[in-house]
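Read in numbering that gives the first Met the number 0, the sequence shown has 125 at position 126, and its numbers run on one by one without any break.
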Amino acid sequence: MDIIKSCVEGLKTGKIPAWRVEDEMIKNYDVAPPENFRLAAICRQRFIEELAGERFKYIQIPERPYKIRYRCEKDGLIWELDARDEHHICSLCQSRLEPMNEYAPLVANYVGGVDDYYSFAGRIRVKGSVEKQFVNLLVYGTGLGPIGVTRGCYLINRFGGAQIKVEDSGRALRCLGYLFKTKELCKKAIDMITTYLPQLRFEMNRRLTEFNGRVSSVEFVSGRIDRGFVLYLNFTAQFKDFRGHGDISNAVGFAKVKIDDYLREKGVRFDFSIIAQGFDGDLKPSPENRRGRYVSAQVLIPVEDFEQSFELRVERFLSTVAVDKLGAKKLGCQFYSGMGGEIIPAIYKATKVNPHGPLVSSFENIYARIEDGNLIYGVELPNIEVGIVSNREGLIPPVGREALRIMGVATAKEFAASVAAQVLAGEFNLALEIARERLYRPK
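In structure tokens:
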């Protein structure tokens, strides 16, 4: 019997969970470690190719896709190294590392990747602002997170999928700051700039055409420091599939020159003008980050079905969420950010979208309530910032573009929906397992 074909069939029917293929190889096919790790990765790739209708080409499986355990001969410290790593020296004491002939997968649910290790994290159905089914790939690293997301996806799909709300466009912001000696000069500048704005916005929009951006709002806010009166001009632009960070920066730089000249021409004196940081909301990660787009995902489960399915009183589940939210607030964090702080960077690393910095959007809020006899559990992501196109904004390498194709993500809006759905799945599974006391039990 073709082992790979048989295991792929088991994955398709649900008989073999994605994270147990390695064990299946040992138990039923007498494939000993470490060869079982290679065959298991191939099985998951073939399974995903059938799900996604896309083939793996750039996300490759090396000949030895596993890690090997070593012991430092001097201090006994246990090391785990990629099988390709031939530098068997302890970097702490320079002693030789001796192999222990013990093997493990590179990461849970490994499906490929040489420098970044890709994990399969199930598939999830979304509805609402986006109607689609996504295949999930994560570069998560050590831990069982991909398995938790996979299990969460299964549960959410079982109850109809994730309900998604996502903004059509994302925001990009840049801010100007002016310093005046008097409050009167500051007010006069606001009046002058307001008069000039229609012409200025027209000229700025011409500089945003490459990525189909437009200036959607200009905000005036004043304040005072020791040296005088500050005026902030915050420019917000909307972009559908681009991050827009570079274009709005260029357009606001152009606006600064024009406004400076206009104020001088009108005799409104200012001490200096500058591209102002901070008030533009470029705060990472933070609920006050004003860039990107809002997206939420939630699952709705009749209370009776919830309690029967999970043998758990809904009040206990709600109390578990409430205890965690209060704990976060006790530490001064008004939003509760949990497992999503790991899932979101794992998606950014898997897809290589812009921006490449995975912490830029790693913030979430979790909520749970009873409404009309249903448990509603959801997550809000206030600022998913993403450019989905490989271009002047930033190169998306072949592995990233391949991951996006396999996931079924073609637009920035779909990216945000996919992220929110995966975060929902991971958080719901985690909260459920903790409430049922199935995690963190003594061994």
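Where is the CB? At the ideal position from N, CA and C, for every residue including glycine.
Source: prediction; values computed, not measured.
Determine whether the Cβ of residue i lies closer than 9 Å to any Cβ atom of chain B.
{"i": "P441", "result": "In the displayed structure, chain B is absent; only one protein chain is listed."}
Taking just the CA atoms, how far does residue j sit from residue i?
{"i": "E21", "j": "G386", "result": "36 Å"}
{"i": "E303", "j": "G160", "result": "18 Å"}
{"i": "N156", "j": "L38", "result": "28 Å"}
{"i": "V294", "j": "A254", "result": "31 Å"}
{"i": "V106", "j": "Y117", "result": "8 Å"}
{"i": "K131", "j": "C152", "result": "14 Å"}
{"i": "Y195", "j": "A188", "result": "11 Å"}
{"i": "K283", "j": "F36", "result": "37 Å"}
{"i": "K329", "j": "E341", "result": "22 Å"}
{"i": "S360", "j": "S215", "result": "22 Å"}
{"i": "I433", "j": "A424", "result": "14 Å"}
{"i": "A402", "j": "L50", "result": "13 Å"}
{"i": "F201", "j": "I405", "result": "40 Å"}
{"i": "G112", "j": "C174", "result": "40 Å"}
{"i": "A296", "j": "K14", "result": "29 Å"}
{"i": "N211", "j": "Y28", "result": "55 Å"}
{"i": "C42", "j": "A275", "result": "52 Å"}
{"i": "T443", "j": "S389", "result": "In the structure as shown, the chain begins at 0 and stops at 442. Residue 443 is therefore absent and cannot be evaluated."}
{"i": "K324", "j": "Y231", "result": "34 Å"}
{"i": "P104", "j": "C89", "result": "21 Å"}
{"i": "R54", "j": "Y109", "result": "16 Å"}
{"i": "K56", "j": "I123", "result": "23 Å"}
{"i": "E62", "j": "Y139", "result": "21 Å"}
{"i": "E287", "j": "V165", "result": "18 Å"}
{"i": "A250", "j": "M191", "result": "20 Å"}
{"i": "T208", "j": "Y376", "result": "40 Å"}
{"i": "S5", "j": "K11", "result": "10 Å"}
{"i": "L154", "j": "R440", "result": "22 Å"}
{"i": "V398", "j": "V298", "result": "31 Å"}
{"i": "P33", "j": "Q59", "result": "18 Å"}
If we count the other Cβ atoms within 10 Å of its Cβ and call it buried at 16 or more, is residue i buried or exposed?
{"i": "K412", "result": "buried"}
{"i": "M99", "result": "exposed"}
{"i": "T235", "result": "buried"}
{"i": "L438", "result": "exposed"}
{"i": "C92", "result": "exposed"}
{"i": "G147", "result": "buried"}
{"i": "A318", "result": "The sequence as given places Ser at residue 318; Ala does not occur at that position. Answer is exposed; the Cβ neighbour count stays below 16."}
{"i": "Q44", "result": "buried"}
{"i": "K66", "result": "buried"}
{"i": "R315", "result": "exposed"}
{"i": "R368", "result": "exposed"}
{"i": "T350", "result": "buried"}
{"i": "E23", "result": "buried"}
{"i": "A321", "result": "exposed"}
{"i": "F119", "result": "buried"}
{"i": "E183", "result": "exposed"}
{"i": "E436", "result": "exposed"}
{"i": "D281", "result": "buried"}
{"i": "G326", "result": "exposed"}
{"i": "K348", "result": "buried"}
{"i": "R289", "result": "buried"}
{"i": "I247", "result": "buried"}
{"i": "G356", "result": "exposed"}
{"i": "G337", "result": "buried"}
{"i": "I47", "result": "buried"}
{"i": "G252", "result": "exposed"}
{"i": "G144", "result": "buried"}
{"i": "I77", "result": "exposed"}
{"i": "G176", "result": "buried"}
Below 8 Å on the Cβ atoms is my contact criterion, and I expect residue i with residue j to pass it. Report the Cβ-Cβ distance as a whole number of Å.
{"i": "G291", "j": "R400", "result": "Actually they do not touch by this definition, with Cβ atoms about 21 Å apart."}
{"i": "T149", "j": "G121", "result": "4 Å"}
{"i": "R206", "j": "Q237", "result": "Incorrect: roughly 14 Å between the Cβ atoms, too far for contact."}
{"i": "A453", "j": "P64", "result": "Examination of residue 453 is not possible in this model, given that the chain is present from 0 through 442 alone."}
{"i": "V473", "j": "I343", "result": "There is no way to answer for residue 473, as the model of the chain reaches only from 0 to 442."}
{"i": "E363", "j": "G339", "result": "4 Å"}
{"i": "V129", "j": "I163", "result": "5 Å"}
{"i": "D270", "j": "L178", "result": "4 Å"}
{"i": "V418", "j": "L380", "result": "7 Å"}
{"i": "A313", "j": "L358", "result": "As written in the sequence, residue 313 is Val, which differs from the Ala given in the question. Between L358 and V313 the Cβ distance is about 34 Å, and since that is not below 8 Å, they are no contact."}
(message) Using 8 Å as the cut-off, can you tell me whether the stretch 265-276 makes contact with the stretch 203-222, which would need three or more C-beta pairs spanning the two stretches below that distance?
(response) no
(request) Would you check if there are 3 or more beta carbon pairs closer than 8 Å linking the stretch 374-394 to the stretch 237-250? (result) yes
(request) Decide if the stretch 376-385 is in contact with the stretch 256-263; the criterion is three or more beta carbon pairs, one per stretch, under 8 Å apart. (result) no
(request) Kindly confirm or deny that the stretch 419-434 and the stretch 167-181 touch, where touching means at least three C-beta pairs closer than 8 Å. (result) no
(message) Which complete beta strand (DSSP E) runs does the stretch 119-168 hold, if anything under 3 residues is left out?
(response) Taking 3 residues as the minimum length, the beta strand (DSSP E) runs contained wholly in the stretch 119-168 are 131-137, 161-165, in order along the chain.
(request) Kindly provide the ranges of any beta strand (DSSP E) runs that are 3 or more residues long and lie completely inside the stretch 18-82, ordered along the chain. (result) 65-71, 77-81
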